[in-house]
Amino acid sequence: TKKGDKMASNKSRAFFSNSGWMMAQQIYSMLLSLVVGALSARYLGPSNYGLINYGASIISFFTIISRLGMDSVIINEMLKAPEKQGTYLGSALVLRLLTSIASVFMVMGIIRVIEPGNIELYIVTLLQSIAIIMQTYEVLTYWFQMELKMKFVSIATMIALTVVAVWRVSLLAAKASVYYFAFSYSIQYFVCGAVVLFFFQRERNKNIKLKFNCLDGKCLLLNSYHFIISGIAVTFYMQIDKIMIGKMMDHTSVGIYTAATTVAALWEFVPTALINSAGPIIMKKRQKDYDGYIRLFEELLLAVTILFVVVSIAMMLLGKIAVLILYGKKYLDAVYPLSILIWSTGFAIIGTARGIWIVAEGYNKYTKYMVFVGAGVNLVLNFFFIQWWGIVGAAVTTLISQIVVSLIAPLFWKKTRGFVKIYFESFKRFPDFVDTIKRAISR
């Protein structure tokens, strides 16, 4: 019907507008990283740059814990019960704030244990860990994501990035110490949180009142604890390489390896924006039209796969130029691990997209099992490969682990094998994918 076509057209426009704003924000972020981030890395040198990222790797474990695995779950719950949006959001905010505060204390305790007497690392990590508390505002972004209004979150993020860019340039001009640079992320999340809260108060339905409800909080935790555990496991095999490099080699090697991982991740904003925008649409489709839901999901998988293959080949050819432009000759050893890590980011994106299917099908518990397999592979291979090949060995380990988690581990359980079939079936959607892109452009 004409009414149905109009609704589909409106949803399509909202999807592409939402994705467009998210991509614009990520492009802006990338450009600032190219300039301010690279200048900061050059100023700090591989050793101090490695020091900051060594501490950040430890913090990342608790950042994931503080998120409580609610990223996809809370959106799904709000879609199923729109009248409870206020209590879901309010309960999630309280739970996350409490977890974040506890996480900061736990981070500092761990630093005391694994690096006793390293006062410089302790201070740097403390200044960075405040960002965990500041990130509590991210709960509100789930509402913007569900409503396809990520425009406002993108604006808030760009404002925060601009403030931090000015802050860092001022530090460069003043030749400030590494401690001030470590505090940058905490400032960024504070500013972004304040702006997001402003937009939420302005855009939300007045019937949505944030309040804590014990039962709703418990409901969210019961549905998301699988993702908490899997998130820790994912962070483990994504960050353990830096921690092991820091312990088995030195901070300079951590700095060089971090440069490689940073460049490898520059492109991820495109598929991440697509996945975040498509997620609510695909999950809603699951409730009414199963075949249509599978078709949309396969098109998403195909899109991110095409992107990652093209970008990976390009980075293998141009990686050296990218490292020289961004970081300079001191970081040239990052080129070899970069050519390997770029492929691992692609498989990681496939795993991220799989999360939509996992939540929609109610297979949440299998997520943690799959990532545990990847974490085990990562830990064992890192122990040997770092000793044999240094940071290149760590890159090879990351690639193998991502392939295992995204496409091999799902085969171990009957219910999750369906994803692997769906993934390879998605390649048959190539003609449909091309037609969709043409229609979107024509509009």
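Anchor point for the sequence shown: position 102 equals 103 in my numbering, and the numbering is continuous, going up by one each time.
Just so you know, even glycine gets a beta-carbon here, dropped at the ideal spot from N, CA and C.
Would you call residue i buried or exposed, if buried means 16 or more other Cβ atoms sit within 10 Å of its Cβ?
| i | result |
| --- | --- |
| Trp144 | buried |
| Lys68 | A quick correction: the sequence has Arg, not Lys, at residue 68. Label assigned to Arg68: buried. |
| Pro272 | buried |
| Asn224 | buried |
| Gly110 | exposed |
| Ile65 | buried |
| Arg203 | exposed |
| Ala315 | exposed |
| Arg97 | buried |
| Lys1 | Coverage of the chain is limited to positions 2 through 444, which leaves residue 1 absent and any answer about it impossible. |
| Lys3 | At Lys3, the pLDDT of 48 sits below 50, so the modelled position is not reliable and the matter cannot be decided from this model. |
| Ser155 | buried |
| Gly118 | exposed |
| Ser407 | buried |
| Asp334 | buried |
| Ser104 | buried |
| Trp414 | exposed |
| Phe385 | exposed |
| Val435 | exposed |
| Leu325 | exposed |
| Leu122 | buried |
| Leu99 | exposed |
| Lys330 | exposed |
What is the rounded straight-line gap between the Cα of residue i and the Cα of residue j?
| i | j | result |
| --- | --- | --- |
| Ile343 | Cys215 | 43 Å |
| Gly320 | Met24 | 22 Å |
| Tyr291 | Ser278 | 19 Å |
| Gly377 | Asn206 | 46 Å |
| Ala174 | Val397 | 38 Å |
| Asp242 | Ala395 | 6 Å |
| Ala183 | Val165 | 11 Å |
| Ile401 | Ala361 | 27 Å |
| Val310 | Gly347 | 7 Å |
| Arg169 | Ser34 | 11 Å |
| Ile230 | Val372 | 9 Å |
| Gln27 | Ile76 | 22 Å |
| Gly280 | Lys176 | 44 Å |
| Leu1 | Lys439 | Shown here, the chain extends from 2 to 444; a query on residue 1 therefore has no answer. |
| Met249 | Ile351 | 31 Å |
| Val167 | Ser30 | 13 Å |
| Val255 | Ala93 | 35 Å |
| Leu32 | Tyr181 | 22 Å |
| Pro432 | Trp389 | 45 Å |
| Trp22 | Lys152 | 5 Å |
| Gly70 | Tyr226 | 6 Å |
| Trp358 | Asn208 | 31 Å |
| Tyr364 | Lys289 | 19 Å |
| Leu172 | Leu412 | 50 Å |
| Tyr50 | Ser41 | 8 Å |
| Val37 | Phe62 | 26 Å |
| Gly293 | Val312 | 29 Å |
| Tyr370 | Ile233 | 12 Å |
| Gly513 | Ile295 | What the structure shows of the chain is the stretch from 2 to 444, and residue 513 is not part of that stretch, so it cannot be assessed. |
Between residue i and chain B, is any beta-carbon pair separated by less than 8 Å?
| i | result |
| --- | --- |
| Val360 | Considering every chain present, this structure includes no chain B. It has just one protein chain. |
Quick test of your reading: residue i and residue j, contact by CB under 8 Å. State the CB separation rounded to the nearest angstrom.
| i | j | result |
| --- | --- | --- |
| Leu211 | Gly356 | That belief does not hold up - the Cβ atoms of Leu211 and Gly356 are roughly 26 Å apart, past 8 Å. |
| Ala260 | Tyr332 | 5 Å |
| Gly375 | Ala410 | 6 Å |
| Tyr328 | Val393 | So it is not a contact: roughly 17 Å between Cβ atoms. |
| Ser101 | Ile60 | So it is not a contact: roughly 11 Å between Cβ atoms. |
| Ile404 | Met245 | With 8 Å as the limit, Ile404 and Met245 do not qualify as a contact, their Cβ atoms being about 20 Å apart. |
| Lys1 | Asp217 | Outside the shown range of the chain, which is 2 to 444, sits residue 1, and nothing can be said about it. |
| Ala298 | Ile423 | Note that residue 298 corresponds to Phe in the displayed sequence, not to Ala. Confirmed, Cβ separation roughly 7 Å. |
| Thr253 | Pro47 | 4 Å |
| Tyr258 | Val197 | In fact, because the Cβ distance is near 32 Å, the residues do not count as touching under 8 Å. |
| Met317 | Ser340 | 5 Å |
| Ile276 | Thr353 | 6 Å |
| Val74 | Leu221 | 6 Å |
Cβ of residue i within 7 Å of any heavy atom in the ligand PLP?
| i | result |
| --- | --- |
| Gln27 | The ligand content of the structure shown is nil, which means the ligand PLP is not present either. |
inquiry  = Check whether the region 151–163 and the region 189–206 are in contact - that is, three or more C-beta pairs closer than 8 Å.
reply    = With three or more CB-CB distances shorter than 8 Å, the region 151–163 counts as touching the region 189–206.
query = Should the region 302–309 be called in touch with the region 420–432, which here means at least 3 C-beta pairs below 8 Å?
reply = Counting Cβ pairs under 8 Å, three or more are found: they touch.
query = Do three or more CB pairs link the region 78–90 to the region 108–127 at distances below 8 Å?
reply = no
query = Between the region 49–63 and the region 113–129, are three or more C-beta pairs nearer than 8 Å?
reply = yes
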